[in-house]
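**Student:** This is the structure I want to talk about, given as structure tokens.
Laid out in structure tokens, this is it:
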């Protein structure tokens, strides 16, 4: 059985098996991640919000994230088996969520601080979000808000700094 899970306070939703456990109830998870784990296997879903990376080709962006993950995992070996970037025109637009770039790869890593490494199958989905930077009017309002907040700040209890 599956259910729709709210991620990042409801900013993102996705369908997962109902039995999967929110790992934040078991251990500390970084603010930019949501982790769901299977109670019966070593399968984990890690949803991570990351800064958009420079490669303009979506396949290269997926490879960039895979290589970064291999580096972070201290992988002894990593290999991209396939990358599928669906054509924007062939994907039904249910909302403004862009279609995922899907990467299938392998990494050889030592899991759970074990000395012996394991072959880990990595399935990675990258959603490229257009830059949502500030325009000039937003920046002006932001500066005004920042200035008002900075001027209004009052230290009530200096023992905070002791």
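Residue numbers (the numbering used here): 862 to 1023.
C-beta atoms are modelled at their ideal positions from N, C-alpha and C, and glycine is treated no differently.
#1: Output needed for residue 927: all residues of its chain with C-beta closer than 8 Å, excluding positions within five of it in sequence on either side, in chain order.
#2: What is the residue span of the alpha helix (DSSP H) that residue 989 lies within?
#3: When you compare the segment 881-900 with the segment 918-925, are there three or more beta-carbon pairs, one atom per stretch, that lie closer than 8 Å?
#4: Among 881, 890 and 912, whose alpha-carbon lies nearest the alpha-carbon of residue 904?
#5: Rounded to the nearest angstrom, how far is the Cβ of residue 980 from that of residue 969, given a contact under 8 Å?
#6: Going straight from the alpha carbon of residue 1011 to that of residue 883, what length do you get?
**Tutor:** Well, looking at it:
#1: 939, 941, 964, 966, 983 and 985
#2: Where residue 989 is concerned, there is no enclosing alpha helix (DSSP H), given that its DSSP letter is neither H nor E.
#3: no
#4: 881
#5: 5 Å
#6: 37 Å
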